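Okay, so here's the structure we're looking at.
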Amino acid sequence: MAEQEQSSSSTFPNPPSFWQDFTPENLTRIEQLRKSFAEANPTRDVPIRLSDIPDSLINLQPPAEPKDGKWRVFGEPLSLDDKLQTLEEGGITNLAPTHPSRQGDNATPSSLDRRDVPRADHALELKRLIKSLLLNFLELAGTLSINPGDGLAKAEDLNTLLFNIHHALNEYRPHQARESAAELMQEHLDRTRRETTAVRSQVEKARRVLEGLGSLTIPAEAVRGAAAAAGEDAAQVAEELKALDKRRDAELWAATDAAFA
Amino acid sequence: MGDRLTQVQDAVDQLAQQFVAALHFVKMRHDLETLGPKDKIRDLPKQDPQAPPSEVDSLPVDDFRAGLTELSRDLITKEQQIEYLISMLPGLQNSEKDQERAIKELEEDLKAAESQRREALKERDQILSELDQVIRSIRRP
Chain A
30 MAEQEQSSSS TFPNPPSFWQ DFTPENLTRI EQLRKSFAEA NPTRDVPIRL
80 SDIPDSLINL QPPAEPKDGK WRVFGEPLSL DDKLQTLEEG GITNLAPTHP
130 SRQGDNATPS SLDRRDVPRA DHALELKRLI KSLLLNFLEL AGTLSINPGD
180 GLAKAEDLNT LLFNIHHALN EYRPHQARES AAELMQEHLD RTRRETTAVR
230 SQVEKARRVL EGLGSLTIPA EAVRGAAAAA GEDAAQVAEE LKALDKRRDA
280 ELWAATDAAF A
Chain B
769 MGDRLTQVQD AVDQLAQQFV AALHFVKMRH DLETLGPKDK IRDLPKQDPQ
819 APPSEVDSLP VDDFRAGLTE LSRDLITKEQ QIEYLISMLP GLQNSEKDQE
869 RAIKELEEDL KAAESQRREA LKERDQILSE LDQVIRSIRR P
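In order, the protein sequences belong to chains A and B.
If you're matching positions, the first sequence starts at 30 in our numbering and goes up one per residue.
If you're matching positions, the second sequence starts at 769 in our numbering and goes up one per residue.
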């Protein structure tokens, strides 16, 4: 009883019954089946759906595509080729049926040529639509002031215009998507190039530091060698060496600082 | 703040809303006139000022005119705005083929830049290990 209450009050429906089929054993079995398929057909990619599969594992692979390419989710009809509904299909008058971008593929003799057309005329058409929208509103206001009963037809015109504008804008979306993709790639390219130059300049600096270190060690050793050769008093030599070391250290750090600055 | 197409669509929707608002203003705030000598303007009982007026709530003529002017100006401004947005739409000058070509070129450039970057990184690792060696070899005297 309690369970029933819970299920009726839950926001989401229970998971489909086949979720229990996804046991570790079944998963390993289907994995083995896939492997054996890959060994049997090394040249082909393993398809998402294996054709001959035991009934107990049938739920472990995704179902086939709907044959007619249409299905419903939450009451909404969906189709495999997600195309923009044409205005006629939506029951709206198409205001620019002669425009090259509005004709169906079968209507234009050369749909390839269409891809060559810059989108500038598209913008022109949009601007025309917007302008006539404003004009139609003016007409609507005028009609309403004379005979309010006739306003409905004019409002219908406005409706058609608005639908046409939105449709034209939606038609533009793929174009904008490509444009943004190009933009993103350009950005990525710039970033990569910046990074490369930054890395290179750092490497250059590090190299200079290394060279600086190499040139610094020489004088101290020369003095050391000279002192040993002269055979001077041992204590004095030690004292001198200590002072030299200190100086060398200081020089070294100064050089490093200069190189990194 | 969406992409530019969505901006245009939003602006168009706003324009439509402005249409409605303008008509509503005209409907509710106009002055009452008598059409003939026998007509009489009825005196409505004073309503609660908080409640939305169900009948015409007349404005003085000057205010009404000013309101009309302002609303019309707003409409025009919005229209101009939409036109500006349209002329700002990305890639108006490019055709689909242009775009494809540009994207392909960018892809090539990206590959080249990526390999350069890898080279630079390798160089950096090398210099790093060199530096490492030098630092390790330093002994306190």
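Just so it is clear, CB atoms sit at the ideal spot from N, CA and C, and this is done for glycine as well.
In this text, all values refer to a predicted model and were calculated from it rather than measured experimentally.
Sheet register partners of residue i (DSSP bridge)
i, result
"A:VAL228", "In the DSSP output, where bridge partners are listed per residue, A:VAL228 has none listed."
"A:PRO106", "A:ARG101"
Proximity below 8 Å, CB of residue i to CB of residue j
i, j, result
"B:MET796", "B:ASP825", "yes"
"A:ARG236", "B:ILE895", "yes"
"A:LEU239", "B:GLU898", "yes"
"A:GLU154", "A:ALA197", "yes"
"A:LYS99", "A:PRO106", "yes"
"B:GLN777", "A:HIS195", "yes"
"A:ALA211", "B:ALA870", "yes"
"A:PRO241", "A:ALA272", "According to the sequence displayed, residue 241 of chain A carries Gly and not Pro. Not in contact: A:GLY241 and A:ALA272 (Cβ atoms no closer than 8 Å)."
"B:ASP877", "A:LEU218", "yes"
"A:LEU167", "A:LYS183", "no"
"B:LEU839", "B:ALA880", "no"
"A:ASP186", "A:ASN165", "yes"
"B:ASP842", "B:GLN786", "yes"
"A:ARG229", "B:ALA888", "yes"
"B:ARG904", "A:GLN231", "no"
Cβ shell of residue i (< 6 Å), same chain only, five flanking positions each side left out
i, result
"B:VAL788", "none"
"A:ILE59", "LEU86, LEU89"
"B:ALA784", "none"
"A:SER108", "GLY98, LYS99"
Contact set for residue i: own chain, Cβ-Cβ below 7 Å, skip 5 residues either direction
i, result
"A:THR57", "none"
"B:ALA779", "LYS846, GLN849, ILE850, LEU853"
"A:ASN135", "Model confidence at A:ASN135 stands at a pLDDT of 39, short of 50, so the residue's coordinates are unreliable; what they give is reported in the following sentence. Correct list: empty, nothing qualifies."
"B:GLU873", "none"
beta-carbon residue i near the ligand PLP non-hydrogen atom, thresh 7 Å
i, result
"A:ASP219", "The ligand content of the structure shown is nil, which means the ligand PLP is not present either."
Buried versus exposed, by CB contacts within 10 Å (16 or more), residue i
i, result
"B:VAL902", "exposed"
"A:THR225", "buried"
"B:ILE844", "exposed"
"A:GLN265", "exposed"
"B:LEU800", "exposed"
"A:LEU213", "exposed"
"A:LEU124", "buried"
"A:ALA152", "buried"
Sequence-distant residues of its chain with Cβ nearer than 8 Å to residue i (five each side left out)
i, result
"B:LEU773", "LEU857"
Assess, as a yes-or-no matter, whether the region 852-872 of chain B is touched by the region 189-209 of chain A under the definition of 3 or more beta carbon pairs within less than 8 Å. yes
Meets three-Cβ-pair contact criterion under 8 Å: the region 188-195 of chain A and the region 154-162 of chain A: Flag = yes, the region 188-195 of chain A and the region 154-162 of chain A touch.
Hey, is the region 862-870 of chain B in contact with the region 831-843 of chain B, meaning 3+ C-beta pairs nearer than 8 Å? The region 862-870 of chain B is not in contact with the region 831-843 of chain B.
Count the C-beta pairs between the region 214-225 of chain A and the region 882-891 of chain B that are closer than 8 Å, then say yes if the count reaches three, no if not. yes
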